[in-house]
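**Q** Residue numbers (our numbering), protein chains in the order written: chain A, 156 to 301; chain B, 13 to 548.
Mind looking over this structure? Questions follow.
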Amino acid sequence: MTLLDRESRVFSRYLLGSVADGAILATYAVAVEGGTAGPFPESGAFDRLLSRVARIHPVATRAVDVYARHFCAAAPVRKRLILMLAILESHARPYAVMDTVDGGGRALVFLRIGGAVISSLFLLVLATVFLSPLRLVMAGRPAAEG
Amino acid sequence: MATITVVGSGASGVHFALSALQRGHHVRMLDVGKTGPAAVRPEDSFTQLKENLENPADYLLGPGFESVVYPDRSAEFYGFPPGKDYIFEPVPQYQIEAHEFAPLSSFASGGLAQAWTGGSYPFNDAELSEFPFGYYDLAPFYGAVAGRIGMTGAADDLADFIPMHAELTEPLRLDPHSAQLMQSYARHREALREGQRCHLGHARLAVLTRDRDDRGACEYLGRCLWGCPINALYTPQVTLEECRRHPNFEYVPNVYVSHFTFGEDRRIDSVRFERLDGGEPESEPVETLVLAAGALASSRMFLESIYHATGQVERLTGLMDNRQILMPFVNVGRVGTPSDPDVYQYNQVALGLEEAAPEEYIHCLVTTLSTALIHPIVQGVPFDLKTSLRLFKNVHAALGLVNVNLHDRRRDESYVTLNPEGPGGRPSVVVAYSTPDGERARLRATMKRVKRALRTLGCFVPPGMAHVRPMGASVHYAGTLPMSERQEPRTVAPDCRSHDFENLYIVDGATFPFLPAKNITFTLMANATRVAETAF
């Protein structure tokens, strides 16, 4: 399995809860390698580290994502996550998953949203503690050394 | 009957041309005329399209994924879909330099209004007070255009500010969110009308609710943002096709008109143009010339013509555009309800805010965003994408967007001129806009009023999400060659005949002496029809 295969599987699991079908993963690969915004060059060692961590597991992807959202919104890894999201929402089945309300009534909906927000904030704190010092250390190092 | 040469096939050009043809004139239309792709699977709804296309990402995001919105691109809530790229495709001959202005230009067949969202709001007497005619002079032409293109409307509270004219048909079926807003308005009508001078009503839309000729009524496919596949939502190409079926009409696409030439008697004798597929510049004689290329492009032709004849670089002052504010909101009562994609997608509800001076009325379009792409919206939410998606799917049916439009006035500091030594050795058009004094306070006060009205309707604007669009974004450009009853240079007469050149007419937004907060496309079409029917 190539790094890109692994990345597309982990990213789709992160965004969708399950691995997207092969055609969607193939579309993602084409987009990353040849789309107008691709190939998403990682200009520094820290960008490369974020991508590596994000490919490990969906939980790690989420931590990297929330960190990038606040501290480096245009990081290549976040752009690739947004690209995956755009491709997923273009297809009927993933879109249905992304656009179906949580069941159980409004109170439960608010509870679930509250839970998601709290865990996101927790991951943001955790990611900041681990990634911010590394970002300082790696500042200015080219991607190849990462 | 005379042959009239029309430059441009946008909203003004095609309605001028059709009226002139109906009056027995010959019309020759010169146009760049870029065209878009044919409608894909016109029978499919938005959801079916995603199921039935082999690669739906190609259609929704573009073959090169160029419509994906990334965080470092402009902070809009939705971009133009790939199927509409042709509308904004540039031509190398037209170079533009802009200061404090983000101009959009179109060389499409049908012009910028190919991306029109159909909002059709006639100007009232107060808004026409600086024009050399009033509403009752223009009303027959509003009716004529509405009859031609199909238009919905209802005599509700907004009719106090948006006059009722002939040929309106019943409104579209409201989407559930818009219907809920209307119900909420009915409950709080007194407080909103009397306490806040705020009025809500049906949008006036250039959309068919009944079949007519070769166009079907809206089928609620949910594909409006991507271009209506059944032409229920009007675009000027519909009227251009009607013109092309007329024996006295000649359409000449693929040409870029650079300027016109004129003699000592200030009478235009020819137009100069280049074919887009190459070759030397050509010219052809004209009897009567009608500029309908849009305020910026018509101004450019006017300026370039004077420059070529005299060597003088002139400045056309008074450029106007509607300032717009995008204010996303959440309707608390709809959180946790499912969203319905099979609805009309653009604004079905409009909100009007009275100001002390009636011509300064603020016009707001309320859109409920059911098939807008998710990724441009969720990336702005201050969480990770997974959390943002959870939030989104539960509030999707509760999301809306208010597009606030503000009036503008002609000022000398905002102008169009030429740079004679533009790129490639040809003159480029220079657009400069100067923000009026007190703009910040005006924006703050307006946002405060809109937020208050939304709160009364049970909605709130998430903090930090309101977005003041740059000048130029509304694409309602006007005012550079205004109508005037006084015979002054760089103006046109009430019948839009140039005061500078006796056989030149200008029928686009350049001639508007004031820009109300309402979308101008409908008034452009009505005015162009008025000129054709009263001056020819």
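Glycine residues also receive a C-beta, built at the ideal position from the N, C-alpha and C atoms.
Are the CB atoms of B/Gly123 and B/Gly239 within a distance shorter than 8 Å?
**A** Position 227 of the second sequence, counted from the first residue, corresponds to residue 239 of chain B. Position 111 of the second sequence, counted from the first residue, corresponds to residue 123 of chain B. Against a cut-off of 8 Å, the Cβ pair of B/Gly123 and B/Gly239 comes out as no contact.
**Q** So, with DSSP's three-state summary, where would you put B/Ala465?
**A** As a first step, residue 465 of chain B is located in the second sequence; it is residue number 453 there, counting from the start. Helix, per DSSP.
**Q** Hey, B/Leu527 and B/Asn334: beta-carbon distance below 8 Å or not?
**A** The sequence position of residue 527 of chain B within the second sequence is 515, counting from 1. The sequence position of residue 334 of chain B within the second sequence is 322, counting from 1. Yes, they are a contact pair.
**Q** If contact means a Cβ-Cβ distance below 8 Å, which residues of the stretch 359 to 392 of chain B contact chain A?
**A** Listed by position along the chain: Leu385, Ile386, His387, Val390, Gln391.
**Q** When the Cα of B/Ala110 is compared with those of B/Ile532, B/Ala522, B/Pro482, which residue comes out closest?
**A** Taking the second sequence and counting its residues from 1, one reaches residue 110 of chain B at position 98. Cα-wise, what sits closest to B/Ala110 is B/Pro482.
**Q** Find the nearest neighbour of A/Pro249 within the set A/His212, A/Val264, A/Ser167, judged by alpha-carbon distance.
**A** Reading the first sequence from its first residue, position 94 is the one you call residue 249 of chain A. When each option's Cα is compared against that of A/Pro249, the closest is A/Ser167.
**Q** Report the three-state DSSP secondary structure of A/Pro297 (helix, strand or coil).
**A** On the first sequence, position 142 is the one that residue 297 of chain A refers to. Strand.
**Q** For B/Leu338, which three-state DSSP category applies?
**A** For the purposes of this step, residue 338 of chain B is taken as the residue at position 326 of the second sequence. B/Leu338: strand per DSSP, three-state reduction.
**Q** Note down, one range per segment and in chain order, each beta strand (DSSP E) of at least 3 residues found wholly within the stretch 255 to 341 of chain B.
**A** Listed in chain order, the complete beta strand (DSSP E) runs (minimum 3 residues) inside the stretch 255 to 341 of chain B are 261 to 264, 267 to 274, 280 to 287, 294 to 297, 300 to 303, 327 to 329.
**Q** Taking a cut of 7 Å between CB atoms, which residues from the stretch 233 to 244 of chain A lie near chain B?
**A** Within the stretch 233 to 244 of chain A, the qualifying residues are Arg233, Lys234, Leu236, Ile237, Leu238, Leu240, Ala241, Ile242, Glu244.
**Q** Relative to the alpha-carbon of B/Phe386, which residue among B/Val378, B/Asn406, B/Tyr147, B/Arg160 has its alpha-carbon at the smallest distance?
**A** Stepping through the second sequence from its first residue, residue 386 of chain B is reached at position 374. In the sequence as presented, Phe is not what sits at residue 386 of chain B; that position holds Ile. Of the listed residues, the one whose Cα sits closest to B/Ile386 is B/Asn406.
**Q** By DSSP's criteria, B/Thr429 is part of a beta bridge. Which residues make up the other side?
**A** Here residue 429 of chain B is taken as the residue at index 417 of the second sequence, counted from 1. BP columns for B/Thr429 point to B/Arg327, B/Val442.
**Q** Can you grab the Cα-Cα spacing for the pair B/Tyr82 / B/Ser446, in whole Å?
**A** Here residue 82 of chain B corresponds to residue number 70 of the second sequence, with the count starting at 1. Here residue 446 of chain B corresponds to residue number 434 of the second sequence, with the count starting at 1. Each residue's Cα considered, the two are about 30 Å apart.
**Q** Since A/Ile211 meets chain B, which of its residues come closer than 8 Å, beta carbon to beta carbon?
**A** As a position in the first sequence, residue 211 of chain A is number 56, starting the count at 1. Result: empty, since nearest Cβ-Cβ is about 15 Å, beyond 8 Å.
**Q** Just the Cα atoms here: how many angstroms apart are A/Arg203 and A/Pro297?
**A** Along the first sequence, read from residue 1 onward, the residue named residue 203 of chain A stands at position 48. Along the first sequence, read from residue 1 onward, the residue named residue 297 of chain A stands at position 142. Rounded to whole angstroms, A/Arg203 to A/Pro297 spans 9 Å at the Cα level.
**Q** Within 10 angstroms of the Cβ of A/Asp220, are there 16 or more other Cβ atoms? Answer buried if so, exposed if not.
**A** As a position in the first sequence, residue 220 of chain A is number 65, starting the count at 1. A/Asp220 comes out buried.
**Q** Please specify which runs of the alpha helix (DSSP H), each continuous and at least 4 residues long, are wholly inside the stretch 191 to 230 of chain A, giving them in chain order.
**A** Those alpha helix (DSSP H) runs which fall completely within the stretch 191 to 230 of chain A and span 4+ residues are 200 to 209, 213 to 226.
**Q** Interface residues of chain B around A/Ser173 at Cβ under 9 Å?
**A** As a first step, residue 173 of chain A is located in the first sequence; it is residue number 18 there, counting from the start. Ordered by position in chain B, no residue passes the 9 Å Cβ test against A/Ser173, which lies about 13 Å from the chain.
**Q** Please list the residues of the stretch 278 to 291 of chain A that have a C-beta atom closer than 9 Å to any C-beta atom in chain E, keeping them in chain order.
**A** The structure shown contains no chain E; its protein chains are A and B.
**Q** Please state if the CB of B/Gly234 and the CB of B/Ser57 are separated by a distance shorter than 8 Å.
**A** Taking the first residue of the second sequence as position 1, residue 57 of chain B is located at position 45. Taking the first residue of the second sequence as position 1, residue 234 of chain B is located at position 222. Closer than 8 Å, so yes.
**Q** Hey, how far is the Cα of B/Arg222 from the Cα of B/Cys230?
**A** In the second sequence, counting from the first residue as 1, residue 222 of chain B sits at position 210. In the second sequence, counting from the first residue as 1, residue 230 of chain B sits at position 218. Distance between the alpha carbons of B/Arg222 and B/Cys230: 8 Å.
**Q** For A/Arg224, would you say it is in contact with chain B, using Cβ-to-Cβ distances shorter than 8 Å as the test?
**A** The count along the first sequence starts at 1 and reaches residue 224 of chain A at position 69. A/Arg224 counts as touching chain B.
**Q** Could you name the residues of the same chain whose beta carbon sits closer than 7 Å to that of A/Ala230, not counting the 5 residues immediately before and after it, in chain order?
**A** Along the first sequence, one-based indexing puts residue 230 of chain A at 75. For A/Ala230, where only same-chain residues beyond five positions count, the Cβ hits under 7 Å are Asp202, Leu205, Ala223.
**Q** Candidates B/Gln107, B/Gly470, B/His189, B/Val443: which alpha carbon is nearest B/Leu331's?
**A** Here residue 331 of chain B is taken as the residue at index 319 of the second sequence, counted from 1. The candidate whose alpha carbon is nearest that of B/Leu331 is B/Val443.
**Q** Return yes when the Cβ of B/Thr379 is within less than 8 Å of the Cβ of B/Gly345, no when it is not.
**A** The residue labelled residue 345 of chain B in the question sits at position 333 within the second sequence. The residue labelled residue 379 of chain B in the question sits at position 367 within the second sequence. Their beta carbons are not under 8 Å apart, which means B/Gly345 does not touch B/Thr379 by this criterion.
**Q** Run through DSSP, which three-state label would B/Asn243 get?
**A** If you number the second sequence from 1, residue 243 of chain B lands on position 231. Three-state result, B/Asn243: coil.
**Q** Determine the burial state of B/Gly25: buried for a count of at least 16 other Cβ atoms within 10 Å of its Cβ, exposed for fewer.
**A** Within the second sequence, residue 25 of chain B is the residue found at index 13, counting from 1. Burial call: buried.
**Q** Could you run through the stretch 394 to 426 of chain B and flag, in chain order, every residue whose CB is less than 8 Å away from some CB of chain A?
**A** The residues in question are Pro394, Phe395, Asp396, Leu397, Lys398, Thr399, Leu401, Arg402, Leu403, Phe404, Lys405, Asn406, His408, Ala409.
**Q** State the Cα-Cα distance for the pair A/Arg235 and A/Arg217, rounded to the nearest angstrom.
**A** Locating residue 235 of chain A in the first sequence gives position 80, where the first residue counts as 1. Locating residue 217 of chain A in the first sequence gives position 62, where the first residue counts as 1. The alpha-carbon atoms of A/Arg235 and A/Arg217 are separated by roughly 13 Å.
**Q** By Cβ distance, which residues of its chain are closer than 6 Å to B/Arg256, with the 5 residues on each side in sequence left out?
**A** Position 244 of the second sequence, counted from the start, is the residue given in the question as residue 256 of chain B. These residues qualify, in order along the chain: Tyr263.
**Q** How many angstroms separate the CA atom of B/Leu217 from the CA atom of B/His189?
**A** Looking up residue 217 of chain B in the second sequence gives position 205. Looking up residue 189 of chain B in the second sequence gives position 177. C-alpha separation (whole angstroms): 18 Å.
**Q** Roughly how many angstroms lie between the CA atoms of B/Phe513 and B/Pro297, to the nearest whole one?
**A** Looking up residue 513 of chain B in the second sequence gives position 501. Looking up residue 297 of chain B in the second sequence gives position 285. Approximately 15 Å, taken between the alpha carbons.
**Q** Can B/Tyr106 and B/Pro134 be called in contact, C-beta distance under 8 Å?
**A** Position 94 of the second sequence, counting from 1, holds the residue named residue 106 of chain B. Position 122 of the second sequence, counting from 1, holds the residue named residue 134 of chain B. No, the pair does not count as a contact, with Cβ atoms beyond the cut-off.
**Q** Are the beta-carbon atoms of B/Asn515 and B/Arg312 separated by less than 8 Å?
**A** In the second sequence, counting from the first residue as 1, residue 515 of chain B sits at position 503. In the second sequence, counting from the first residue as 1, residue 312 of chain B sits at position 300. No, the pair does not count as a contact, with Cβ atoms beyond the cut-off.
**Q** What in chain B is Cβ-close to A/Ser275, meaning under 7 Å?
**A** Translated into the one-based positions of the first sequence, residue 275 of chain A becomes position 120. Within chain B, the residues near A/Ser275 are Phe395, Asp396, Thr399.
**Q** Taking 8 Å as the threshold (beta carbon to beta carbon), is B/Thr349 in contact with chain A?
**A** The count along the second sequence starts at 1 and reaches residue 349 of chain B at position 337. True, the Cβ-Cβ gap to chain A drops below 8 Å.
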